[in-house]
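Undergrad:
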Amino acid sequence: MGIIRKMPKRSHWLCAFVVASVLLVVDSKRARQPRCPSSCTCTKDNALCESAGDDPSEMFWVSPHSLFTANNLESINEDAFLGLPHLEYLFIENNHITSISANAFIYLCFLFFLIWECGCKFGGFLFFRDLRGNQFTCDCKLKWLVEWIYSTNTTVDQIYCKGPASQLDKKINDLAPQAFDCITTGAVQTPLLLPFFLEWDHVEMVFRNYDDIDSTSTVICKPLVIDNQLFIIVAQLFGGSHIYKRDTSANKFIKLQGIDILQIRKPNDVETFRIDGESFFVIADSSKAGFTTIYKWNGNGFYSHQSLHQWYRDTDVEYMEISSKPHLILSSSSQRPVIYQWNKSSKLFDRRTDIPEMEDVYAVKHFQVKSDLYICLTRFIGDSKVMRWDGALFRELQTMPSRGSMVFQPFSVGSWQYAILGSDYSFTQVYRWDAKKGEFVHFQEVNIQAPRAFSPISIDNRQFLLASSFKGKTQIYEHLVIDLSN
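Shown next as structure tokens:
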């Protein structure tokens with residue numbers, strides 16, 4: 010009925026310390042025999058308690074080797090057994106226990122009780138299981154008990170769950186650890202005074218200043234790596250847009266070339282992509298007389314490859330693959346989002362279709378869940394949308410209230426898929442994909458003033474989210490995974 014385990018060395022030292030401390034206390038107060046609680050019957054070796062209060066520490070007889078409790082215990086806290094290293098038998102059946110601290114039994118060095126390999130930390134040798142008559146809340150705080158029962162194939166008699174609703178009246182012995190959803194995530198914020206180039210310090214584990222580029226009215230900076238060479242496309246409202254490359258010998262960015270100011274008048278977005286081994290980038294031009302233009306790398310620099318429609322004041326361009334074919338989606342303040350498809354013969358993008366009933370879309374971003382393709386459409390006035398590709402066109406899946414939004418950015422961290430909806434007038438909302446519902450559910454809100462872009466990065470097994478702001482400080486958030494069963 011029990012399990013014998015060798016006590017870890019650390020537990021021996023802890024028990025030795027506790028025993029020594031108790032011996033000193035008992036020695037110094039040998040003349041004063043502790044008073045037996047009024048609700049208990051005490052002998053030299055035992056204490057039997059019935060109809061006792063809800064605090065187990067009120068019932069503890071300092072020297073007994075056996076302790077019986079009953080009726081009104083609801084929880085056992087971390088320090089409940091402090092000062093009882095010699096306790097050997099503990100029977101707590103027929104109480105109302107709903108929770109037990111993971112550290113509740115760490116001071117019991119010689120206990121015959123319930124569990125060894127679980128979330129609880131025990132200091133003893135042998136444990137006898139008997140918790141009959143209690144009803145537990147079978148949530149994440151009890152996952153350690155289920156894991157131990159499951160891993161050791163142990164049968165626990167007649168312990169029922171009183172909650173939550175999904176576990177009501179189930180036997181703990183019938184539960185599986187996989188039934189507990191105890192992992193959640195969060196974010197920790199780090200403010201930056203100014204946006205600039207940062208480099209990760211692998212020793213200090215922080216971002217440090219690397220370099221900056223003198224520019225005016227910068228709208229967006231976009232990195233592009235070609236043959237292990239890093240380029241930065243800097244789009245500006247005034248003074249023209251430029252392309253920089255990283256000079257490893259000088260350890261700084263140097264200007265490579267400018268972009269024709271007569272062709273790109275008011276850049277609003279930059280997108281990079283590769284097709285058949287060739288590198289491209291496209292700049293969306295939001296001026297009335299501008300051309301959204303695709304540029305191609307020729308080995309020495311970038312040159313104009315194709316100009317898409319003009320006079321439409323494009324605000325965003327998104328590259329994606331639909332049915333394994335390269336596509337561009339252009340968003341505009343004057344028409345519905347337009348989808349362009351790559352023509353392999355001409356090596357140009359041809360207009361394919363548009364997204365119906367989606368006027369005033371500011372930007373489109375895409376993501377995938379398994380093999381399904383989705384897009385997030387941002388609206389400054391009205392509701393933003395999540396749409397799914399059904400093989401022929403995009404169909405509406407979900408609507409998000411988004412007054413004042415200029416960014417609706419999906420991103421993934423490990424197996425979690427998120428979408429973050431910014432706002433110029435309220436808190437930024439973070440949504441997490443619910444695979445069972447097949448849609449996003451609200452997860453968190455963060456305070457970012459007028460966010461314009463979000464960029465996830467992963468360094469040293471840590472995940473960060475960079476958030477740029479139009480009115481406030483650029484922020485860095487760290488993604489945290491939290492196990493609610495601990």
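Take my numbering: the last position of the sequence shown gets the number 495, and nothing is skipped along the way. Cβ coordinates follow ideal geometry from the N, Cα and C atoms, glycine included. Everything numeric in this text was worked out from a predicted model, so none of it was measured.
#1: Please check if any C-beta of chain D sits within less than 9 angstroms of the C-beta of F376.
#2: Compare the C-alpha of Y383 against each of G447, P365 and D433 and name the closest.
#3: Take K180 and list the residues in its own chain whose beta-carbon comes closer than 7 angstroms to its own, dropping the five residues that flank it on each side.
#4: From S250, G308, Q266 and Y328, pick the residue whose C-alpha is nearest to that of R283; which is it?
#5: For a test of the three-state rule: what should DSSP assign to V155, helix, strand or coil?
#6: Measuring CB atoms only, is the region 261-272 touching the region 308-316, in the sense that at least three cross pairs come out at less than 8 angstroms?
#7: Mapping the DSSP letters down to three states, classify S160 as helix, strand or coil.
#8: Taking the C-alpha atoms as reference points, what is the distance between R397 and K445?
#9: Determine the burial state of S333: buried for a count of at least 16 other Cβ atoms within 10 Å of its Cβ, exposed for fewer.
#10: Taking the straight line between their C-alpha atoms, what separation do you get for A476 and L430?
#11: Suppose you measure from the CA of T483 to the CA of L474; what does that come to, to the nearest Å?
#12: So, is Y440 buried or exposed, given that buried needs 16 or more other C-beta atoms within 10 angstroms?
#13: Around the C-beta of R217, are 16 or more other C-beta atoms found within 10 angstroms, so that it is buried, or is it exposed?
#14: Looking at the strands, I want to know which residues DSSP matches up with P419.
#15: Which of the three DSSP states is assigned to C129 in this structure?
#16: CB S341 to CB T362, shorter than 9 angstroms?
#17: Could you compute how far the alpha carbon of S160 sits from the alpha carbon of A428?
#18: Please report the residue range of the beta strand (DSSP E) in which T483 lies.
#19: Output yes or no for whether 9 angstroms exceeds the beta carbon distance between V243 and S224.
#20: For my contact list, F376 and Q426 are in at a C-beta cut-off of 8 angstroms; report their separation, rounded to the angstrom.
#21: Following the continuous beta strand (DSSP E) through P346, name the residue where it begins and the one where it ends.
#22: Could you check what DSSP says for P465 in three-state terms: helix, strand or coil?
#23: If we ignore side chains and look at the alpha-carbon of each, how far apart do F479 and Q187 end up?
#24: Mind checking T437: buried by the 16 CB within 10 Å criterion, or exposed?
#25: At the level of alpha carbons, what is the spacing between R471 and H488?
#26: Determine which residues share a DSSP beta bridge with P186 and list them.
TA: Working from what's here:
#1: Among the protein chains of the structure shown there is no chain D, as only one such chain exists.
#2: Taking the sequence shown and counting its residues from 1, the one referred to as residue 383 is at position 374. Nearest C-alpha to Y383: G447.
#3: As a first step, residue 180 is located in the sequence shown; it is residue number 171 there, counting from the start. Closer than 7 angstroms at Cβ, skipping near neighbours: I168 and Y169.
#4: For the purposes of this step, residue 283 is taken as the residue at position 274 of the sequence shown. Of S250, G308, Q266 and Y328, the residue nearest in Cα terms is Y328.
#5: Along the sequence shown, one-based indexing puts residue 155 at 146. Reduced to three states, the DSSP call for V155 is helix.
#6: yes
#7: Working through the sequence shown from its first residue, we reach residue 160 at position 151. If DSSP states are grouped into helix, strand and coil, S160 belongs with the helices.
#8: Position 388 of the sequence shown, counted from the start, is the residue given in the question as residue 397. Position 436 of the sequence shown, counted from the start, is the residue given in the question as residue 445. Computed Cα separation, rounded: 16 angstroms.
#9: Residue numbering aside, residue 333 sits at position 324 when the sequence shown is read from its first letter. Result: exposed.
#10: The count along the sequence shown starts at 1 and reaches residue 476 at position 467. The count along the sequence shown starts at 1 and reaches residue 430 at position 421. Computed Cα separation, rounded: 12 angstroms.
#11: The residue given as residue 483 occupies position 474 in the sequence shown. The residue given as residue 474 occupies position 465 in the sequence shown. Taking the straight line joining both Cα atoms gives about 11 angstroms.
#12: As a first step, residue 440 is located in the sequence shown; it is residue number 431 there, counting from the start. The residue in question, Y440, is buried, as its Cβ has 16 or more Cβ neighbours within 10 Å.
#13: Against the sequence shown, residue 217 aligns to sequence position 208. Exposed, since its Cβ has fewer than 16 Cβ neighbours within 10 Å.
#14: Stepping through the sequence shown from its first residue, residue 419 is reached at position 410. P419 is bridged to A428.
#15: For this step, residue 129 is matched to residue 120 along the sequence shown. Note that C129 scores a pLDDT of 40, beneath 50, so its modelled location is shaky; the value from the coordinates is reported in the next line. The answer is coil: DSSP assigns C129 none of H, G, I, E or B.
#16: To locate residue 341, count along the sequence shown from 1; it is residue 332. To locate residue 362, count along the sequence shown from 1; it is residue 353. No; because the gap between Cβ atoms is not below 9 angstroms, this pair is not in contact.
#17: As a first step, residue 160 is located in the sequence shown; it is residue number 151 there, counting from the start. As a first step, residue 428 is located in the sequence shown; it is residue number 419 there, counting from the start. Each residue's alpha carbon lies about 37 angstroms from the other.
#18: Position 474 of the sequence shown, counted from the first residue, corresponds to residue 483. T483 -> no beta strand (DSSP E), and no H or E assigned at all.
#19: Sequence index remark: in the sequence shown, residue 243 carries index 234 (1-based). Sequence index remark: in the sequence shown, residue 224 carries index 215 (1-based). Closer than 9 angstroms, so yes.
#20: Mapped onto the sequence shown, residue 376 falls at position 367. Mapped onto the sequence shown, residue 426 falls at position 417. The Cβ separation is near 6 angstroms, so the contact holds.
#21: Residue numbering aside, residue 346 sits at position 337 when the sequence shown is read from its first letter. Run containing P346: none; DSSP gives neither H nor E here.
#22: The sequence position of residue 465 within the sequence shown is 456, counting from 1. In this structure, P465 counts as strand in the three-state DSSP scheme.
#23: Here the question's residue 479 lines up with position 470 in the sequence shown. Here the question's residue 187 lines up with position 178 in the sequence shown. Cα-Cα distance, rounded: 44 angstroms.
#24: Residue mapping note: residue 437 aligns to position 428 of the sequence shown, counting from 1. Per the 10 Å Cβ criterion, buried.
#25: Along the sequence shown, one-based indexing puts residue 471 at 462. Along the sequence shown, one-based indexing puts residue 488 at 479. Rounded to whole angstroms, R471 to H488 spans 7 angstroms at the Cα level.
#26: Position 177 of the sequence shown, counted from the first residue, corresponds to residue 186. DSSP lists no partner for P186.
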